[in-house]
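Student: Sharing a structure below in structure tokens format, with a few things to ask.
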């Protein structure tokens, strides 16, 4: 009799978990659909324009480098060298920056009891990751068409680096979105600050040509280590002296933990902000 009760209770718990997950996914789906329609010309097809922004960003810089006759520091492929740096840092900047205004732009949805703060933030993160994945695929196709070989020397390192960037993007995005929901002006501050992150990441500028003190201060930027990790995965002999995978991983996990904690503790302030 006891075993029978245990099995019944176990089935009920599994059923409850499935229902909760299904509800969560339905809510996030609704948030994503609303986000698409409200942001992209009131039509779902407007979302197709979003992946083109990072692509345009990358190739505008590459065109400028070609015009000024910039040479690749490693290998003989200028396009591939700078693309390996731009992809991770733009992934972080685009995802975290657009997540930063997710709660602010969808705050009215919190009036519905089924919608939680985390639903809005994660819904936006999923939307931005779909966009950035499409951007990366488009960039890879263009690289191949230009004669570049976008296959990394170490696929494992390249995948792990991008995975850390993804976690970091979500973590920082949650933190910034919660702060922005309480203090709306913070969205503008973070948007401006991403320029500092971008320049000190080493993606548009090869920082190893600068004095060691410059590299030291830039190494406090987690995006710097993401760029170094991806480039080390592509180029044999690329200096890993300033690369700290542990630092990047600590930032990724730490920001995610802090973001989830802030979402839990500051819900009331977000609703009243």
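Numbering (our numbering), first residue to last: 344 to 616. Heads up, the beta-carbon is just placed ideally off N, CA and C, and yes, glycines get one too. In this text the structure is predicted, and so the values were computed from the model without any measurement.
Run through DSSP, which three-state label would residue 520 get?
Tutor: The residue labelled residue 520 in the question sits at position 177 within the chain shown. In the structure shown, residue 520 sits in a helix (DSSP, three-state: H, G or I).
Student: Quick one: which unbroken alpha helix (DSSP H) runs of 4-plus residues sit fully inside the region 375-460? Chain order, please.
Tutor: The region 375-460 contains these whole alpha helix (DSSP H) runs: 395-410, 421-442, 445-448.
Student: Which residue comes first and which comes last in the alpha helix (DSSP H) that contains residue 560?
Tutor: Translated into positions along the chain shown, residue 560 becomes position 217. Start and end: 555-561.
Student: Where in the region 534-604 do unbroken runs of the alpha helix (DSSP H), each at least 4 residues long, occur, reported from the N-terminal end onward?
Tutor: 555-561, 565-577
Student: Give me, in chain order, the residues of the same chain whose beta-carbon lies closer than 6 Å to that of residue 359; leave out the 5 immediate sequence neighbours on both sides.
Tutor: Walking along the chain shown from the start, residue 359 turns up at place 16. Taken in chain order, the list of residues that qualify is empty.
Student: Determine whether the beta carbon atoms of residue 442 and residue 471 lie at a separation below 8 Å.
Tutor: In the chain shown, counting from the first residue as 1, residue 442 sits at position 99. In the chain shown, counting from the first residue as 1, residue 471 sits at position 128. Yes, Cβ-Cβ distance for residue 442 and residue 471 is below 8 Å.
Student: Using the beta-carbon count (16 or more within 10 Å), is residue 571 buried or exposed?
Tutor: Against the chain shown, residue 571 aligns to sequence position 228. By the 10 Å Cβ count, residue 571 comes out buried.
Student: Do the region 501-519 and the region 411-418 make contact, defined as three or more Cβ pairs closer than 8 Å?
Tutor: no
Student: Could you work out which residue in 591, 578, 478, 583 is closest to residue 420 when comparing CA atoms only?
Tutor: Indexing the chain shown from 1 puts residue 420 at position 77. For the residues 591, 578, 478, 583, the minimum Cα distance to residue 420 belongs to 578.
Student: Alpha carbons only, please: which of 439, 573, 446 is nearest the one belonging to residue 493?
Tutor: Position 150 of the chain shown, counted from the first residue, corresponds to residue 493. Ranking 439, 573, 446 by Cα distance to residue 493 puts 573 first.
Student: Count Cβ pairs between the region 540-553 and the region 459-473 that sit closer than 8 Å; are there 3 or more?
Tutor: no
Student: To the nearest angstrom, how far is the alpha carbon of residue 517 from that of residue 609?
Tutor: The residue labelled residue 517 in the question sits at position 174 within the chain shown. The residue labelled residue 609 in the question sits at position 266 within the chain shown. Roughly 12 Å separates the two Cα atoms.
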